[in-house]
Ligand SMILES: *Cc1c(COP(=O)(O)O)cnc(C)c1O
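Numbering (the UniProt record's numbering), first residue to last: 1 to 221.
Structure below.
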């Protein structure tokens, strides 16, 4: 029998806190965003009843419908975002983690929105998981600062499969530093998923995006 949701949530929260303490960090400085893509609203409501207030979704309009059903929460849009859907997503998302190109910045502008720059740390050709190459990030940061309504909060990555997670998160920390040189208030680092959140905490992540370790396996799309 799989452990019930409350037990899995508590276990992950304990592991996150332990990872923070062993890195000499305050567990209160690490926010766990529970990734609920493909999961039914009933599961999100159960998590909400257990105290979860940060939810991550990756697809419009699924994210829109869930955010409308549960407005008393912070909704993090974490998926690749098409420019032609950006304005709609900006209406309900509180944070967009996946800003990776100038056209997307322009399309999101005009809304009050927290923005993270997604960084592609893959080796060789740009990977399929989205993100700007590290060298393009400072200019993208400038673009966000010039955009009305958008608040530049920091950086995000999905660790590439071909690189050890700790190596990717160390590289992300360097990119985060370059972004803080442009905007000192951009202190968020969104990194770490079910399989690598301890490494992300050790490397300084402030926001973890954890799905299956808490929710159990995702129903297929
Ligand atoms: C699905 C997803 C996650 C969560 O993945 P798990 O392995 O289930 O924890 C985190 N970040 C992004 C961008 C995702 O798409």
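Every residue gets a Cβ at the ideal spot worked out from N, C-alpha and C, and that includes glycine.
In the DSSP assignment, residue 162 is bridged to no other residue. Between residue 209 and residue 78, the beta carbon gap of about 6 Å places them in contact (Cβ cut-off 8 Å).
Residue pairing by DSSP places residue 187 in no beta bridge whatsoever. For residue 64, the secondary structure class from DSSP, reduced to helix, strand or coil, is helix.
Rounded to whole angstroms, residue 11 and residue 147 show a C-alpha spacing of 40 Å. For residue 32, the enclosing beta strand (DSSP E) starts and ends at 31-35. In this structure residue 155 touches residue 172 by the C-beta definition: roughly 6 Å separates them, less than 8 Å. Around the beta carbon of residue 135, a 10 Å sphere encloses fewer than 16 other beta carbons of the protein chains shown; the residue is thus reported as exposed. Looking at 119, 89, 138, 106, the one whose alpha-carbon comes closest to that of residue 68 is 89.
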